[in-house]
Amino acid sequence: MPARRGVGTKGIVEILAHTRDKIIKVVTASRDSPNQNGPYLATKQQPHRPSPPIYCRTPPEPSSSRISHSHTHYSSHSPPPFSLPSRPCVPQKPSMSTTMDTTDVSRNATTAAALFGTSTGGGLASLLPEVQTVELLVAISIFVTIHSLRQRRSQGLPTWPLVGMLPSLLLGLRGDMYEWITGVLKSRGGTFTFRGPWFTNLQCVVTADPRNLEHLLKARFASFPKGPYFRDTVRDLLGDGIFGADDEVWRNQRKAASLEFHSAGFRALTASSLVELVHRRLLPVLADAEAGGDAIDLQDVLLRLTFDNVCMIAFGVDPGCLAKGLPDIPFARAFEDATEATTVRFLTPTAVWRAMRALGVGNERVLQRSLAGVDEFAYDVIRRRKEELGDAGRRGSSRSDLLTVFTKMRGEDGRPAYSDKFLRDICVNFILAGRDTSSVALAWFFWLLGKNRRVEERILEEIEGIVAARKAVDAGGEVEEELVFQPEEVKRMEYLHAALSEALRLYPSVPVDHKEVVEDEVFPDGTVLRKGTKVIYAMYTMGRMESIWGDDCREYKPERWLRDGRFMGESAYKFTAFNGGPRLCLGKDFAYYQMKFAAASILHRYRVDVVEGHPVAPKIALTMYMKHGLKVTLTKRNKSRL
Ligand code: HEM
């Protein structure tokens, strides 16, 4: 766009000339000052123009006209933006007609000589290097600033030398980063390329375009693995487990785990473990809080619930985070610290964290210590399980947790299929996948309900209908407080299913996810991806795209998921909270069951109110935690409501 180019170039010229004039004025003033003497006095006799030239000239017309007329031709009557008698200060654009006035040149030269006292062989010449340096620095800074800011139009954000778009990212991080990403992506039509500082891992393509999502998650799945960068970064925590694995290692685990997740034994285990946790742990904790009138952090309580639950499923043991008094459990603490320290690696140049690991300092020291805690727990459970299975070989084992199932697997030679290390990796990966995702989704759900009581009313009506149907069959058999929802009843809670999906659409537990492209690719929207490019897909943004969900995309409306009162799922490439394609979340069905069971059990008994003034904002992490938790008070439901 010539007009823009003209403005920029002439703008630089003008600022440059202006700066130069200022320097000249200072110099001239000091020369004319009665307190000055020596070389300055000598030059006073020389003819010179009162203002401008050292090397450059300021055009005489007002600055506004110069800026707006990008194609102005400078003639002998209209001096060029700058002239270069001896040394160039800024290169001239060949396209501009910059006819040089020879009189001006000689006048400039004379003036320069006069000013710098060349005729006397000294004086201001001693100032020359400083003035040149200042001019040069000012010129470069101005040029770089304007050039960087102009990148905003073509690249979405200003791009600075050395640090790339990092300053904008840091500004974005100060507020709500996900909203900031959303703003940038919308302004770029759904996809943009982030240029991080040179020599860092922060170069990537970010997208929220469903066509691109389908391309990378399904159509060209093999071209978009997790990749070596992700795997190397998470390897100390996740080893060769499913989350970081690709190719055969991933395929084998996926197949085995998928069989297990769909087995009757696993379904029975998930149902029974939830009843145990919700009725023996969660509800008593809530009852205590309600009785004492205390505000509690509902997010913390839910995190404890799902951590205990996923450990029961993966390891077959209950760590007891949700026990009375909500104790600090060393394994849970170690797991949390190890996850956070691993996340920090993504923000640290690879060479730096590797060096820190070798030296055992800083974040890497924390990671090593917390990994030792995770491993101690995991290997202890594995050892005891093997002993138990050895005995059970004689008596038979009724366990159906993942550790037991994978421990029992045999290779073709009849020997155990997996080493202890691999068993540890499998369990740690499943705990990571399932520990916080459902709980943070529930926390956002309860917060949204507080702001949308109409939705809560409809959920209660649905639950009442189910309870009423049960009463009709089993006339008043069960005491209300003891009411335990059955799997087929949970399945019938379609409006609740829609309300949870809607919460996940707006607050996906995994707000952004990552892939690495292993061969040159082109996205359906035309974005070119060179081999090795990192791709980030922004689930949070996708829930806020008018082009995907319509003008009311920011509203909490479970009805958008219903057709004739029945829940209707959406394409996994529009609603990406559970990922899509071959790597679709393995725990999706279980997660819905868990969330519905817990939410219905709480809502049936309590009205949940967020404490007034409690700040709610997302935390910047791999999982969408609420930064300050969710402080709530509970009120027992009126019996007539049940
Ligand atoms: C609301 C709850 C949940 C959400 C939103 C969710 C979301 C996701 C997402 C986005 C991924 C893709 C991650 C990636 O590849 O980088 C994923 C993968 C996975 N999820 Fe979930 N998840 C949830 C609950 C669970 C639970 C409870 C479990 C298990 C108990 C689980 C097990 C897994 C596993 C094993 C994978 C890896 C699949 C693979 O790579 O093949 N998830 N989940």
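Going by UniProt numbering, the final residue of the sequence shown carries number 642, and the count climbs one at a time with no gaps. Backbone N, C-alpha and C fix where the C-beta goes; we use that ideal spot for every residue, glycine too. All of these numbers come straight from a predicted model, not from anything done at the bench.
- Only exposed fits Asp551, as fewer than 16 other CB atoms lie within 10 angstroms of its CB.
- Between the ligand HEM and the CB of Arg583, the shortest heavy atom gap is smaller than 7 Å.
- Check the Cα spacing between Phe331 and each of Val374, Leu359, Val344: the tightest is with Val374.
- For Thr159, the closest alpha carbon among the candidates Ser571, Leu173, Phe143 is that of Phe143.
- In this structure, the C-beta of Leu504 approaches the ligand HEM to less than 7 Å from one of its heavy atoms.
- Here Glu482 is exposed. Its C-beta has fewer than 16 other C-beta atoms within 10 Å.
- By the criterion of a C-beta distance shorter than 8 Å, Glu519 is surrounded in its chain by Ser223, Lys531, once the five residues flanking it on both sides are discounted.
- Distances from the CA of Gly189 to each of Arg174, Thr339, Tyr178, Val206 were compared; the closest alpha carbon is that of Val206.
- Restricting attention to Leu137, Thr182, Ala139, the CA atom closest to the CA of Gly156 is found in Thr182.
- Secondary structure note for Asp551: it is in no beta strand (DSSP E), with a DSSP letter that is neither H nor E.
- For Asp425, the enclosing alpha helix (DSSP H) covers residues 420-435.
- Residue pairing by DSSP leaves Trp447 without any beta bridge partner.
- In the three-state reduction of the DSSP assignment, Trp198 falls in the coil class.
- Minimum Cα-Cα distance from Ser273 among the listed residues Ile296, Leu305, Arg424, Ala289 corresponds to Leu305.
- Contact between Cys311 and Asp318 holds: CB atoms are separated by about 7 Å, below the 8 Å threshold.
- Following the DSSP letters along the chain, one finds Val275 inside the alpha helix (DSSP H) bounded by residues 264-277.
- Scanning its chain for C-beta atoms nearer than 8 Å, with the 5 sequence neighbours on each side dropped, one finds around Leu166 the residues Trp160, Gly196, Pro197, Leu202, in chain order.
- Counted as a single uninterrupted DSSP element, the beta strand (DSSP E) harbouring Arg607 occupies residues 606-610.
- Judged by their CB atoms, Leu630 and Phe446 are nearer to each other than the 8 Å cut-off.
- Only buried fits Leu303, as 16 or more other CB atoms lie within 10 angstroms of its CB.
- Beta-bridge partners of Cys311 (DSSP): none assigned.
- CA-CA distance, Pro210 to Tyr573, rounds to 5 Å.
- Rounded to whole angstroms, the gap between the alpha carbons of Ala577 and Ile466 is 28 Å.
- Cβ contact annotation for Gly325 (same chain, cutoff 7 Å, sequence separation greater than five): none.
- Residue burial is scored here from C-beta neighbours: Val632 has at least 16 other C-beta atoms within 10 angstroms and is therefore classed as buried.
- In terms of side-chain proximity, the C-beta atom of Asp240 is found no nearer than 7 Å to any non-hydrogen atom of the ligand HEM.
- At a threshold of 7 Å, Ala433 counts as near the ligand HEM, since its beta carbon sits closer than that to one of the ligand's heavy atoms.
- With a beta-carbon spacing of about 5 Å, Ser601 and Val278 fall inside the 8 Å limit used to define contacts.
- With a cutoff of 8 Å on beta-carbon distance, Met595 and Ser438 are scored as near each other.
- Lys471 has no beta-bridge partner at all, per DSSP.
- Per DSSP, Ile536 is one residue of the beta strand (DSSP E) stretching across 534-538.
- Residue environment analysis places Thr635 among the exposed positions, since fewer than 16 neighbouring C-beta atoms fall within 10 angstroms of its C-beta.
- Counting the other CB atoms within 10 Å of its CB gives Pro511 a total of 16 or more, which places it among the buried residues.
- No heavy atom of the ligand HEM is found nearer than 7 Å to the CB of Asp308.
- For the 8 Å CB-CB criterion, Gln253 and Ile382 do not form a contact.
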